[in-house]
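In my numbering, each number is its position in the sequence shown, counted from 1, plus 215. Written below as structure tokens is the structure these notes are about.
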Amino acid sequence: MSNESWQVLAREAWTHRTRAFVIGNTRVGAAALCADGSVFCGCNVEHRFRCHDVHAEVNVITSMVAGGHTDLVAIMIVAERERFTPCGGCMDWIFQFGGAECLVAYQSKADGPINTFKAAELMPHYPK
């Protein structure tokens with residue numbers, strides 16, 4: 216995947232991050248790339264009782280599915296945090312629709328470095 220493609224996903228994710236509904240301090244944005252080049256975006260939506268929070272990764276993947284796609288190629292997650300990756304629950308969604316080869320990236324500040332991994336690198340013992 217080209218640096219330009221990652222930059223497009225990052226810009227979209229940062230834009231959607233501004234729409235996050237948070238009770239805590241962490242706004243998260245995400246952008247997903249499908250095999251045909253379609254891009255879907257999402258953000259985290261927190262619930263007052265916290266047990267119903269929707270993570271940005273889940274938001275973007277379910278939007279992708281609602282848009283008729285199940286072919287996740289890459290996902291970009293952005294938040295103003297020093298270092299982070301998707302949680303285990305979000306990784307389940309990434310593996311379901313993108314598989315072990317799905318590219319997963321994060322950026323902790325707009326126009327900052329983009330850290331990329333394959334899903335299998337983040338969860339090397341994930342069941343096959």
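Just so it is clear, CB atoms sit at the ideal spot from N, CA and C, and this is done for glycine as well.
- Going by the CB atoms, is the gap between A315 and T331 shorter than 7 Å? As a position in the sequence shown, residue 331 is number 116, starting the count at 1. As a position in the sequence shown, residue 315 is number 100, starting the count at 1. No, they are not a contact pair.
- Query: Straight-line CA distance for R265 to G327?
  - Reply: For this step, residue 265 is matched to residue 50 along the sequence shown. For this step, residue 327 is matched to residue 112 along the sequence shown. Between the alpha carbons of R265 and G327 lies a distance of about 30 Å.
- Item | Identity of the residues DSSP links to K333 by a beta bridge | Locating residue 333 in the sequence shown gives position 118, where the first residue counts as 1. Bridge partners of K333: L318.
- Message: Distance check for F312 and V280, CA to CA, integer angstroms please.
- Response: The residue given as residue 280 occupies position 65 in the sequence shown. The residue given as residue 312 occupies position 97 in the sequence shown. Each residue's CA atom was taken as its position, placing V280 and F312 some 9 Å apart.
- Query: What is the DSSP secondary structure of A250, reduced to helix, strand or coil?
  - Reply: Counting from 1 along the sequence shown, the entry for residue 250 is found at position 35. Shown here, A250 sits in coil according to DSSP, grouped into three states, outside any helix or strand.
- Task: Consult DSSP for C258 and reduce its assignment to one of helix, strand or coil.
- Result: The residue given as residue 258 occupies position 43 in the sequence shown. Of the three classes helix, strand and coil, the one that applies to C258 here is strand, per DSSP.
- Task: Mind checking which residues open and close the alpha helix (DSSP H) that includes I276?
- Result: Within the sequence shown, the letter at position 61 stands for residue 276. Secondary structure note for I276: its alpha helix (DSSP H) is the uninterrupted segment A271 to A281.
- Query: Between the C-alpha atoms of V293 and W221, what's the straight-line distance to the nearest angstrom?
  - Reply: Within the sequence shown, residue 293 is the residue found at index 78, counting from 1. Within the sequence shown, residue 221 is the residue found at index 6, counting from 1. Our two residues, V293 and W221, have alpha carbons roughly 12 Å apart in a direct line.
- Message: Run through the DSSP bridge pairs and tell me what A289 is partnered with.
- Response: Here residue 289 is taken as the residue at index 74 of the sequence shown, counted from 1. Bridge partners of A289 according to DSSP: L248 and L318.
- Item | Meets three-Cβ-pair contact criterion under 8 Å: the stretch 254-265 and the stretch 297-306 | Taking one beta carbon from each stretch, the stretch 254-265 and the stretch 297-306 have fewer than 3 pairs nearer than 8 Å; the two do not touch.
- Whole-angstrom Cβ separation of V243 and R232, contact assumed at under 8 Å? The count along the sequence shown starts at 1 and reaches residue 243 at position 28. The count along the sequence shown starts at 1 and reaches residue 232 at position 17. That belief holds up - the Cβ atoms of V243 and R232 are roughly 6 Å apart, short of 8 Å.
- Nearest to L248 by alpha carbon, out of L224, G257 and N240? Residue numbering aside, residue 248 sits at position 33 when the sequence shown is read from its first letter. When each option's Cα is compared against that of L248, the closest is L224.
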